[in-house]
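Before any comments, here is the structure.
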Amino acid sequence: SVGSAAANTLLRATQAQEAAIASEISKYDALLESNDSELEKLRERRLAQMKAAQSQKAKWLEAGHGVYSDLSSGGGGQQHDIAKSFFEAAKKSNRMVVHFHRPTTRQCDVFHAALEQLAPRHPETRFVKINVEGCDDVREGGSGVGAKYLVEKLGIVVMPTLLIVKDRKAHHQVRGFDELGGKDDFTVNELAYVLGGHEALTRKDEEEVEPAFVTGGERGIEGVNSLRMMFGGSGVRRGGYDDFDDDE
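Take the sequence shown: its letter number 167 is residue 170 in the numbering used here, and every next letter is one higher.
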């Protein structure tokens, strides 16, 4: 029932908090038993870890992490080759979440709002969006330059779709809300839980609580639109365009 699912969710959250508190207490106990030499070594290791983490974060931010960016438009609003931008971004980031969307699909706005919040929270992952509206317009300077190629090769057939890219490979697709209980009222933490399950990001403590829909919620796509364009060729479905090493 809904009540038991909510109770189980609350219980899991409480247990996670208790485990975190117990872990912190154990750390403090270990510090109290340490001598000055051990404390100094611990301090040096911690400083080295902090410096390495800060250096890594700076590299991520330089590569476009930390913000939810649009790969669909070039500088000054000019059209450009979307596929080229996609490949370049994939080569710079080990983990990337790509939101294929279109403005006329309301459900895409739900993902927009959530990804806007996740991007600064998870600098280890790059979050980008690609507008496929006008994907058929592949004339020179048209809005679909490169987008049609991506849609066909990656098998994007549902709006919205989140493509997870890992190590320059298409790893998984979250199509519509089918992995989020089939509803659009999921929380940002619940989306992070699902993405973390596919190794798209490193979950934070508050994102580790298993959502109720994972164990007992309804499944199935609700309120999402199929992309009304099917192109020639095999049209790879689940992460089929594996290698981004080519310089398309």
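Yeah, the Cβ is synthetic: ideal placement off N, Cα and C, and Gly gets one too.
Computed from a predicted structure; not experimentally measured.
Handout entry: Per DSSP, the bridge partner or partners of H115
Key = Start at 1 with the first residue of the sequence shown, and residue 115 comes out as number 112. According to DSSP, H115 bridges with nothing at all.
Exercise for the section: Check the C-beta distance from N192 over to E213 and give it rounded, since I have them as a contact under 8 angstroms. Expected result: Numbered from its first residue, the sequence shown carries residue 192 at position 189. Numbered from its first residue, the sequence shown carries residue 213 at position 210. Rounded, the Cβ-Cβ distance is 11 angstroms, inconsistent with contact.
Problem - Check whether V135 and V154 have beta carbons under 8 angstroms apart - result: In the sequence shown, counting from the first residue as 1, residue 135 sits at position 132. In the sequence shown, counting from the first residue as 1, residue 154 sits at position 151. Yes, the pair counts as a contact, with Cβ atoms nearer than the cut-off.
Exercise for the section: Count the other C-beta atoms from every protein chain shown that fall within 10 angstroms of the C-beta of L166, then say buried if there are 16 or more, exposed otherwise. Expected result: Here residue 166 corresponds to residue number 163 of the sequence shown, with the count starting at 1. So L166 counts as buried.
Exercise for the section: Apply the 10 Å Cβ neighbour rule to M162 and answer buried if 16 or more other Cβ atoms are within range, or exposed otherwise. Expected result: As a first step, residue 162 must be located in the sequence shown, where it is residue number 159. Looking at its Cβ environment, which holds 16 or more other Cβ atoms inside 10 Å, M162 is buried.
Handout entry: Integer Cβ distance of D208 from A23, believed to fall under 8 angstroms
Key = The residue given as residue 208 occupies position 205 in the sequence shown. The residue given as residue 23 occupies position 20 in the sequence shown. Confirmed, about 6 angstroms.
Problem - Beta-carbon contacts of H174 that lie in its chain and below 7 angstroms, excluding the five residues immediately before and after - result: As a working note, residue 174 is residue 171 in the sequence shown. I167, V168, H201, G242.
Exercise for the section: Please name the residue in H104, W63, S72 whose C-alpha comes closest to that of V160. Expected result: On the sequence shown, residue 160 is found 157 positions in, with the first residue counted as 1. Nearest of H104, W63, S72 to V160, Cα basis: H104.
Handout entry: Simplified DSSP assignment, three categories, for N134
Key = For the purposes of this step, residue 134 is taken as the residue at position 131 of the sequence shown. Three-state result, N134: strand.
Practice task
Determine the direct distance from the alpha carbon of Q18 to that of T107, and round the result to whole angstroms.
Solution key: Against the sequence shown, residue 107 aligns to sequence position 104. Against the sequence shown, residue 18 aligns to sequence position 15. Rounded to whole angstroms, T107 to Q18 spans 42 angstroms at the Cα level.
Exercise for the section: Indicate whether Q176 and T190 have their beta-carbon atoms separated by less than 8 angstroms. Expected result: Within the sequence shown, numbered from 1, the residue matching residue 176 stands at position 173. Within the sequence shown, numbered from 1, the residue matching residue 190 stands at position 187. At a Cβ-Cβ threshold of 8 angstroms, Q176 and T190 do not count as neighbours.
Exercise for the section: Could you check if T128 is buried or exposed, using at least 16 other CB atoms within 10 Å of its CB as the buried criterion? Expected result: The residue labelled residue 128 in the question sits at position 125 within the sequence shown. Looking at its Cβ environment, which holds 16 or more other Cβ atoms inside 10 Å, T128 is buried.
Practice task
For R206, collect the residues of the same chain with a Cβ closer than 8 angstroms to its Cβ; drop the 5 residues on either side in sequence, then sort them by chain order.
Solution key: Within the sequence shown, numbered from 1, the residue matching residue 206 stands at position 203. So the list reads A195, Y196, G199, once near-sequence residues are dropped.
Practice task
Would you mind giving the Cβ-Cβ distance between V131 and S72, rounded to the nearest angstrom? I have them listed as a contact below 8 angstroms.
Solution key: The residue you call residue 131 lines up with position 128 of the sequence shown. The residue you call residue 72 lines up with position 69 of the sequence shown. So it is a contact: roughly 5 angstroms between Cβ atoms.
Exercise for the section: Identify whether S26 lies in helix, strand or coil by the three-state DSSP scheme. Expected result: For this step, residue 26 is matched to residue 23 along the sequence shown. Residue state, collapsed to three classes: helix.
Practice task
Note the first and the last residue of the continuous beta strand (DSSP E) segment covering S96.
Solution key: Taking the sequence shown and counting its residues from 1, one reaches residue 96 at position 93. Here S96 belongs to no beta strand (DSSP E), and DSSP marks it neither H nor E.
Problem - Backbone CA spacing between I133 and K94 [nearest angstrom] - result: As a first step, residue 133 is located in the sequence shown; it is residue number 130 there, counting from the start. As a first step, residue 94 is located in the sequence shown; it is residue number 91 there, counting from the start. Cα-Cα distance, rounded: 17 angstroms.
Practice task
Quick one: residues in its chain with C-beta nearer than 6 angstroms to the C-beta of H125, no 5 flanking neighbours on either side, listed in chain order?
Solution key: Looking up residue 125 in the sequence shown gives position 122. L204, listed in sequence order.
Problem - Neighbourhood of A150 by C-beta, 6 angstroms cutoff - its chain only, sequence neighbours within 5 removed - result: On the sequence shown, position 147 is the one that residue 150 refers to. Excluding sequence neighbours, A150 sits near I85, V135, C138.
Exercise for the section: Determine the direct distance from the alpha carbon of P123 to that of R46, and round the result to whole angstroms. Expected result: By one-based count along the sequence shown, residue 46 stands at place 43. By one-based count along the sequence shown, residue 123 stands at place 120. Their Cα atoms are separated by approximately 28 angstroms.
Exercise for the section: Quick one: using the 10 Å Cβ neighbour count with 16 as the cut-off for buried, is F180 buried or exposed? Expected result: In the sequence shown, the residue the question calls residue 180 occupies position 177. The residue in question, F180, is buried, as its Cβ has 16 or more Cβ neighbours within 10 Å.
Handout entry: CA-to-CA distance, L121 to V100, given in whole angstroms
Key = Here residue 100 refers to the residue found at position 97 of the sequence shown. Here residue 121 refers to the residue found at position 118 of the sequence shown. Cα to Cα, the separation comes out at about 10 angstroms.
Handout entry: Burial state of E27 (16 or more Cβ within 10 Å)
Key = Taking the first residue of the sequence shown as position 1, residue 27 is located at position 24. Counting Cβ neighbours within 10 Å, E27 comes out exposed, since fewer than 16 surround it.
Exercise for the section: Whole angstroms is fine: what's the gap from K172's alpha carbon to G67's? Expected result: On the sequence shown, residue 172 is found 169 positions in, with the first residue counted as 1. On the sequence shown, residue 67 is found 64 positions in, with the first residue counted as 1. Distance between the alpha carbons of K172 and G67: 19 angstroms.
Exercise for the section: Give every residue of the same chain whose Cβ lies closer than 7 angstroms to the Cβ of D187, excluding the five residues on either side of it in the sequence, and list them in chain order. Expected result: Numbered from 1 along the sequence shown, position 184 holds the residue referred to as residue 187. The answer, listed in chain order, is Q110, V113, F180, G226.
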